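Asks: Each residue of the sequence shown is one higher than the last, beginning at 1 in UniProt numbering.
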Amino acid sequence: MRDWIESRESKHSAIKHRAVLNTVLAALCALVLTLALSQLVLLNRTDSVNSLSELDLAQFHARESALQQLDITLARGAILHEFASAYFINDLPQIDVIRTRLKAGSDLLNGDASALFPQTTVQNLTRLLSVYLSYQPNSIEHLVEVPVPLNPMKDSEALTEGLNTLSAHQRQLALGIANTSFDQRVGIRRQQVFVFIISLTFLIPLLAGAYVSRKLAREHKSKLNTQDYINRLINSLPGLVLLTDSAGRIFSASQSATEFLQYSHDQLSGMEMSSLLPKRFRQQYQLFSKNYLDSDRGRGEHQIKGRELLVINGEGVEVPVELYFGDFATQNGEVLVVCLHDVTERRYLFQQYQHSQRRFEMAMMASRDGLWDWDMTTDSVFFSPAWLQMIGIQGGQPLDGRVVFDDSIYPEDRERVQAAIQKFIKSDDIVFRDEHRLRRRDGSVCDAVCRACAQRDSSGQVVRIVGMHSDVTHFKEAEREVRRLNRNLEDRVRLRTQQLETALLQAEGANRAKATFLAVMGHEIRTPMNGVIGMTDLLSKTELSREQWMMVDTVRRSSVSLLGTLDNILDYSALDAADLELQVESIQLAEFIEGVADEFAERAAKNKLQFILHIDPNLPAGVFADAARLRKVLFNLLDNAMKFTHSVTGGGVVQLRVGVENKASEPRQRIVFEVIDNGIGVSGEMRKQLFKPFMLEENSRARRFGGTGLGLAITTRLLGLMGGEISLDDEYRQGSRFVCTIPFTIDASAKRICVAGGVRVLACAAEGLLKDSLHAALALNGQTVHWVTGESDLSAALSANNAEKTVLISAGEADRGVLNFCKKQGVRVIAVSPRPVRISSLDSSKVYSNPLLPSALHRAVEYQQRLSLEKL
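This is the structure in structure tokens:
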């Protein structure tokens, strides 16, 4: 814009300079000739100028007054919006007032004062007002529709543009009058100057130069003011405005446009308009601008419809805008006004609306529910296609939706449903629900669930109800079928119950007969079997050859195995018949556990197994329990561990570990029994059904391991009777680990006898399970042990105590130097060695392991203590 104004200023300055030079030359040549006539011409011109100025001013003021009155009457073009608003709400008094104003505006346009305005614009405005004046009220107080449709927005813009055109023309006339008056006054002043030149010839160049300079300065200032006005006008426009020339080059922009595009004025000046657009929109913009320039722009139709595209701001971000065009002519050519409107938020809202609408349509399509919308103000009902399909209506929306809605309800349910709806309308509830039947057009009936929501106005009155019908015919039919089947099932269950009761009575009788038979036969078999076992024990203690002893041992082991199988069968039968009762008595728990472990000592020795017994020192001394049943539980677990471990390469290990779950001193305490082995373990499939009866790890006829598969089943049921539980550690993969937890009542009267003081116990053992068992056995009897690893540790320990009051327990492969040192110092040594298969004689200086019994170790230490006291 600045370049355009500066080029126009340069042209005007050249014209004025030439005019001044010509005037000076003419004045010098005609100085003498025009001296006499100058005064007469001056007087006549002064009179004509005054008369002409008064006439022009009168006409100008008349047009200005008419234009202002027209602008006020038409409210700057907003009168059409007022007319449309009153028309759409049928406000007849307001329509009459607006029509009066429209008639007054039309009269002003047709008056004498508007004769000098552009007639095209006046005719367009008159035609536009006559269109709106053509809307007349009829006898039923409604407007008569005419062929011309109302478009308030477009017509208001056209009306505003026309008023702006008249205002611009009025300003142009004012400028012409001012210029004419100014030129006439300049001529008079020149003549006056010419008169003064005659007398003051030497002052002519000075006065002429001063005058011309002052005039040019005033014109330049006026042009600068005009330029500033235009710039402020552009910046004050509400939209984003860019001015381009015919080649599409930007030469000016509003402040809001520079801020929106994030470019400065200098950066935008000279920039191609297409450079602000992505490549995919440049051809579209060129076609849009070309169509605009080639169209008939006199009617202003091109300003109504915009084009949405993307522009690139200074940061390279594409921003959606809506583009409008405008134009005006200058001396340098056509100027294209590009108006941009930011539609980012509108596009986002439209996308959200489309997304919500699509989601709603998909949800309704997926649910196959019929939607209906009841407008209470107009008493009309709209139905969704799914609802019409549910009822069987084809051909689109029915004309009378309310009648269709009432008729679709089954006649027997209609009165109840209508009463429920009226009750809902009168209440303050928001949500309505009802189940009723719907009648289709083909006469069939379907069950439906109706859910609705009400919209209320500020007074609480319902103005709209939106609801849906869900077809639940299949569910209702299924429900009725279920009721019928339930009735049949009840009859069948009643009959089956009677049959089961009869079968139960028969089974109980058979079970009692079986229990009686097993009890009698068990007694008859057990008695001779005990005799066989007793006789074989006595026979094995006589002098026999090796072959004879092996035969006797085979008979004994077979008898014991058969007796164990018989015991398992009798116990399982008693448990299955629920005839087994616990015989609770007080037992010394540690001694009881030692007794159970000692029964497996010979078996461990024969199978060359390492049998570790670990009893927690915090174990209560006495508890109330069924000793026989508890022994059965431990016997079954240890029997399985020994059975599946003796064939392990490299030496099998079986552990029996007994401890407390917590150290609380309560009347009842949970004791934990762990049986651990490094045998073949339990397969993954077998773990799921391990505690069921008759389940064996090997079920083939060529089994390596014997057994009936009742051991763990009996153990589980016995633990259930005692309130305990058993589990197999799934994370232990080096064999098997069974954990039993049993709650016992503590016998507070039972006390554990501890060894007396006076003897210091030293121990030497390699790290491992045996050392752990040895430490627990000594701690169980209240003995404190000091560990030594070599001769130096032993020497340091003996320096603080007398050798006669010291006992060394040697477990495993002891250091020969340590034993020799003990012999020299007179320290008594208790050797812990593996138990042999047959013990020929007892040695007070030796304790057997596998298992290491705490009581045996206690007796050995106590014996050495008595020897020390006797020696002292």
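Just so you know, even glycine gets a beta-carbon here, dropped at the ideal spot from N, CA and C.
All values derive from a computational prediction rather than experimental measurement.
Going by DSSP, what residues sit across from Glu-308 in a beta bridge?
Replies: Glu-322, per the DSSP bridge assignment.
Asks: Just checking my contact of Val-596 with Phe-644 at CB under 8 Å: how many whole Å lie between their CB atoms?
Replies: About 19 Å separates the two Cβ atoms, so there is no contact after all.
Asks: Beta strand (DSSP E) containing residue 938: first to last residue?
Replies: The requested residue 938 is not part of the displayed model; the chain covers only 1 to 872.
Asks: Kindly list the residues whose CB is nearer than 7 Å to the CB of Ser-269, restricted to its own chain and excluding five residues on each side of it in sequence; keep chain order.
Replies: Ile-250, Phe-251.
Asks: Residues in the same chain with beta-carbon distance under 7 Å from Ser-85, minus the five sequence neighbours each way, listed in chain order, please.
Replies: Same-chain partners within the cutoff: there are none.
Asks: Tell me whether the beta-carbon of Glu-661 lies closer than 8 Å to the beta-carbon of Val-739.
Replies: No, the pair does not count as a contact, with Cβ atoms beyond the cut-off.
Asks: If you reduce the DSSP assignment to three classes, tell me which class Gly-77 lands in.
Replies: Helix at Gly-77.
Asks: Suppose the cutoff is 6 Å on Cβ atoms and the five residues either side in sequence are ignored; what does the same chain contact list for Val-404 look like?
Replies: Contacts found: Pro-398.
Asks: Going by DSSP, which residues form a beta bridge with Arg-437?
Replies: Partner(s): Asp-447.
Asks: Report back the beta-carbon spacing between Ala-78 and Ser-156 to the nearest angstrom; my notes put them in contact at under 8 Å.
Replies: 7 Å between Cβ atoms; contact.
Asks: Please report the distance separating the alpha-carbon of Arg-480 from that of Cys-450.
Replies: Their backbone Cα atoms lie some 20 Å apart in a straight line.
Asks: Can you tell me where the alpha helix (DSSP H) holding Ile-714 begins and where it ends?
Replies: 711-721 is the span of the alpha helix (DSSP H), which, as asked, contains Ile-714.
Asks: So what's Ser-380 in DSSP terms, helix, strand or just coil?
Replies: Residue state, collapsed to three classes: strand.
Asks: Just the C-alpha distance for Arg-859 and Thr-715, rounded to the nearest angstrom, thanks.
Replies: Cα-Cα distance, rounded: 33 Å.
Asks: Using beta-carbon positions only, say whether Met-529 and Ser-559 come within less than 8 Å of one another.
Replies: Yes. Within cutoff.
Asks: Could you check if Lys-824 is buried or exposed, using at least 16 other CB atoms within 10 Å of its CB as the buried criterion?
Replies: With fewer than 16 Cβ atoms within 10 Å of its Cβ, Lys-824 is classed as exposed.
Asks: Can we say the stretch 483-492 touches the stretch 459-473, given the rule of at least three CB pairs closer than 8 Å?
Replies: No: the two stretches stay apart, fewer than three of their Cβ pairs being nearer than 8 Å.
Asks: For Val-462, which residues of its own chain have a beta-carbon under 6 Å away from its beta-carbon, when the five flanking residues on both sides are left out?
Replies: Same-chain partners within the cutoff: Met-376, Ile-425, Ala-454, Arg-456.
Asks: So, Ala-510 versus Asp-616, is the Cβ gap smaller than 8 Å?
Replies: Result no, Cβ atoms of Ala-510 and Asp-616 do not sit closer than 8 Å.
Asks: Answer with buried or exposed for Gly-651, where buried requires no fewer than 16 other C-beta atoms within 10 angstroms of its C-beta.
Replies: So Gly-651 ends up on the exposed side.
Asks: Where DSSP assigns a beta bridge to Met-468, which residues make up the other side?
Replies: According to DSSP, which records beta bridges pairwise, Met-468 is partnered with Leu-371, Arg-451.
Asks: Rounded to the nearest angstrom, how far is the Cβ of Ser-274 from that of Arg-282, given a contact under 8 Å?
Replies: Sure, about 5 Å apart at Cβ, within 8 Å.
Asks: Look up Ser-167 in the DSSP assignment and say whether it is helix, strand or coil.
Replies: Helix at Ser-167.
Asks: Mapping DSSP to helix, strand and coil, what is Phe-288?
Replies: Here Phe-288 sits in helix by DSSP.
Asks: What are the partner residues of Ala-831, as DSSP defines its beta bridges?
Replies: In the DSSP output, where bridge partners are listed per residue, Ala-831 has Ser-810, Lys-846.
Asks: Quick check: the Cα distance between Gln-354 and Asp-729, rounded to an integer number of angstroms?
Replies: Cα to Cα, the separation comes out at about 59 Å.
Asks: Looking at the unbroken beta strand (DSSP E) that takes in Asp-342, where does it start and where does it end?
Replies: It spans 333-342 - the beta strand (DSSP E) in which Asp-342 sits, taken as one unbroken run.
Asks: Alpha carbon to alpha carbon, what distance is there between Asn-850 and Gln-506?
Replies: Using only the alpha carbons, I get a separation of about 51 Å.
Asks: Give me the Cα-Cα distance between Thr-258 and His-265, rounded to the nearest whole angstrom.
Replies: Spanning the two alpha carbons is a distance of roughly 7 Å.
Asks: Between Val-832 and the rest of its own chain, which residues show a CB-CB distance below 6 Å, the 5 nearest in sequence each way excluded?
Replies: Only Ala-811, Val-847, Ser-849 meet the Cβ criterion.
Asks: For the ligand ATP, I want to know if Leu-102 counts as a neighbour, meaning its beta carbon is within less than 7 Å of at least one of the ligand's heavy atoms.
Replies: The ligand ATP is not part of this structure, which contains no ligands at all.
Asks: Exposed or buried, Ser-773, counting other C-beta atoms within 10 Å across all chains shown (16 or more means buried)?
Replies: Buried, by the Cβ-count rule.
Asks: For the stretch 615-630 against the stretch 586-595, do three or more pairs of beta-carbon atoms, one drawn from each stretch, fall closer than 8 Å, so that the two count as touching?
Replies: Counting Cβ pairs under 8 Å, three or more are found: they touch.
Asks: For Cys-822 and Arg-828, I'd like the C-alpha separation in whole angstroms.
Replies: Rounded to whole angstroms, Cys-822 to Arg-828 spans 7 Å at the Cα level.
Asks: Return the chain-ordered list of same chain residues with a C-beta closer than 7 Å to the C-beta of Gln-170, the five sequence neighbours on each side being excluded.
Replies: Around Gln-170: Arg-63, Glu-64, Leu-67.
Asks: Once you ignore the five residues that flank Ser-167 on each side, which residues in its own chain have a CB closer than 8 Å to its CB?
Replies: Taken in chain order, the residues that qualify are Leu-67, Asp-71.
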